[in-house]
Each structure stands twice: as structure tokens, then as C-alpha cells.
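Residue numbers (the numbering used here): 21 to 342. C-beta: ideal position from N, C-alpha, C; glycine also. Encoded as C-alpha cells, the structure appears first; notes follow it.
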């Protein structure tokens, strides 16, 4: 499950009381423990490295903080040519050595019983945080840059793409067997703006990774992606992760048989009773068809989700047979 390591688990909340978010991401012992908590509890088929999409920012010369219950803060936000020129190309081994330790340890710990996943943020979404300086409801500041100073924004997006491509390669070489790209906020773009400001930079990452590791599957997730489905396949990824607002059968018909899909149960279904969880889960599976589908939630699991509901969801998926 996306964001499987996290807020709904009592064991995780106990660690959150003792350690700040960045420390939980950057301390290998903590990150490995958090990553393994749901694996030990529920035995899912995938174990996702506990981290954050902004983790590489420090190594790119972009200071940030992650405030509990508030989210990321980038101060000062990036809005000038001089600031963009100052953004460094990421050197993952020097800046993020803890990532290698986390992924290598996870591979050892799961011992082939699950697939180890890494993940990164895609350029548009990273730029949205960097330019806005925090989470946003309307993305007015980055869109203002897109429409008034597009060359400035393209320069930032291209820099991010080169750094994130390096980061994906580093994760693969450290033990990640699949890497998921989160372009979460690309769903805030119109289809034409997605093709202009997000898709080329997703493709830039994929092309660079493919040159080094063509065999490693790449997943792309965009929240509220229904209006973009005719375009996302051009990113070159192997798997499209769908949010819950997309009908799975319609998505399959639009994307075609060459692409696998991931998702896309509404996380709020896990707040319902077991009959509802089972019915809605099986509906997604049947609509997706017997091949090329990773069952998953359509967004991050909610903090108030009962652990018993998460367990029942996974058991329901594992018990299904065509």
C-alpha cells in the first residue's frame, strides 16, 4: 500500500513521539524499522523504503524542513534566476549515503519474501513545493511562473530531472527492485500544460534511467489523473498508478494492454466494515483483469485507518484467485 509505513500504525506513532520526521527518514535504523513494521504485521508483497520526496533537496542546495502535521517548508522559496542557477546537481553517494544503507538492509531483511521499492518525486511536483515554499491549494505561484516566466521554470524542471534521474539510478544500485515516481501535483495541470511542464521531465528521468538500468520497472503516480490518461503513457514508465477517482476499467481501456496498472481503492473504504472492504476491493481487481495489475490503494492510507482493516484488505487481495 502507498504510504504503507506510517501513520495508521501504533508502532509508528510511538517512534514519531520520540524522533522528528527528517531524523526518521535519514537515520537508517529508524527508516528500516519503520519500513518493516507493516511487512512484519501484514506480509504485503512490497516493502516501500521510508523516506520523503524532498529528501534529496539538501544535497541540491535547497534547505527545507518537514514540520509534523504541517508538511514541508522551503524557506526561502525558489523564485529567481539566481536561485535556480544555485541549485546543484545531486551527488547521491555524497549527499544521501543513508539511502544506500536503508535499501541494502531492507533487501537483506525481507530475504526475497517481498519486492523492495524505492521512490522519488518528479520535477513538476518538486518544483511546486520549491516555488510555493509549502503545500498549496491552488498552485498559483508556480503557475504564475509557468505563464509569466516559462523559461525560468523550464530551467528549474530540467535541473530537477537530471538530479532525480541520478537519484533513481542510485536507489536501484543500492537495492531497489522497483522505483515509483510521484508526480502527485501534475494532476493540477490541464492536459496541454501537463505536456508542457510535467511530461517532458518525467520522460527525461525515464530516458536517463533506461540507459543504465533498462530492466528495472518504473511506476508513475499522478493524483487526479483522469484527464491525463491519454498522455501519461508517453512518459515511458512500465506501470501507471491510478488514484481512486479513475474508474479502473475505463483506465485500462484508455491505457491499453501494454501498460500495467497499480491501484486504485479509495483509502476511505478502509474506514468501512469488512463487507464493504471486500466488495470494493474485488470490484477493482475484477475491473483490472487477470494480468498486469498491482492491487493497491489509490492514495496514501489515512491516519485513522484501523490496523485490522489494513490487514483484512491485504488478506482479501491475497485470497482472490481468477
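Rank 316, 270, 85 and 164 by C-alpha distance to the C-alpha of residue 334 and give the top, closest one. The shortest CA-to-CA distance from residue 334 to any of 316, 270, 85 and 164 is the one to 316.
Going by DSSP, name the residue or residues bridged to residue 241. DSSP output for residue 241 lists 202 and 261 as bridge partner(s).
Nearest-angstrom Cα separation, counted from residue 52 out to residue 125: Approximately 7 angstroms, taken between the alpha carbons.
Looking at the ligand ATP, does it come within less than 7 angstroms of residue 270, judged from the CB to the closest heavy atom? Of the ligands one can find in the structure shown there are none, so the ligand ATP has no counterpart to examine.
Roughly how many angstroms lie between the CA atoms of residue 251 and residue 278, to the nearest whole one? Roughly 14 angstroms separates the two Cα atoms.
Considering only the alpha carbon of each residue, which of 77, 56 and 75 lies closest to residue 67? Comparing Cα positions, the closest option is 56.
Reducing DSSP to helix, strand and coil, say where residue 317 ends up. The answer is strand: DSSP assigns residue 317 an E or B state.
Is DSSP giving residue 188 helix, strand or coil here? Here residue 188 sits in helix by DSSP.
Any idea which residues DSSP pairs residue 280 with across the strands? DSSP, once it has assigned bridges, lists 259 as partnering residue 280.
Label residue 112 either buried or exposed according to how many other C-beta atoms from any shown protein chain fall within 10 Å of its C-beta, with 16 as the threshold for buried. Residue 112 comes out buried.
Cα-Cα separation between residue 253 and residue 260, rounded to whole angstroms: If you draw a straight line from the Cα of residue 253 to the Cα of residue 260, it is about 8 angstroms long.
Am I right that residue 144 and residue 205 are in contact with their C-beta atoms under 8 angstroms? What's the rounded C-beta distance? With 8 angstroms as the limit, residue 144 and residue 205 qualify as a contact, their Cβ atoms being about 7 angstroms apart.
Pick helix, strand or coil for residue 105, following the three-state DSSP scheme. Residue 105 falls in the helix class under three-state DSSP.
Taking just the CA atoms, how far does residue 293 sit from residue 329? Going by the C-alpha atoms only, they are around 8 angstroms apart.
Stretch pair the stretch 34-43 + the stretch 73-90: three plus CB contacts closer than 8 angstroms: At 8 angstroms Cβ cutoff, the stretches touch.
Are the CB atoms of residue 290 and residue 321 within a distance shorter than 8 angstroms? For residue 321 and residue 290, yes; Cβs fall inside 8 angstroms.
May I ask you to verify whether the stretch 175-190 touches the stretch 127-146, counting CB pairs closer than 8 angstroms and requiring at least 3? Touching, yes.
Where residue 203 falls, given that 16 or more other Cβ within 10 Å makes a residue buried: By the beta-carbon neighbour count (other beta carbons within 10 angstroms, threshold 16), residue 203 is buried.
Tell me whether the beta-carbon of residue 106 lies closer than 8 angstroms to the beta-carbon of residue 81. Taking a C-beta distance under 8 angstroms as the contact criterion, residue 106 and residue 81 qualify as a contact pair.
Leaving out the 5 sequence neighbours to the left and right, which residues in its chain are closer than 8 angstroms to residue 109 when beta-carbon positions are compared? Hits under 8 angstroms: 80, 179, 182, 183 and 186.
Using DSSP with H/G/I as helix, E/B as strand and the rest coil, what is residue 97? Assigned with DSSP and collapsed to three states, residue 97 falls in coil, not helix or strand.
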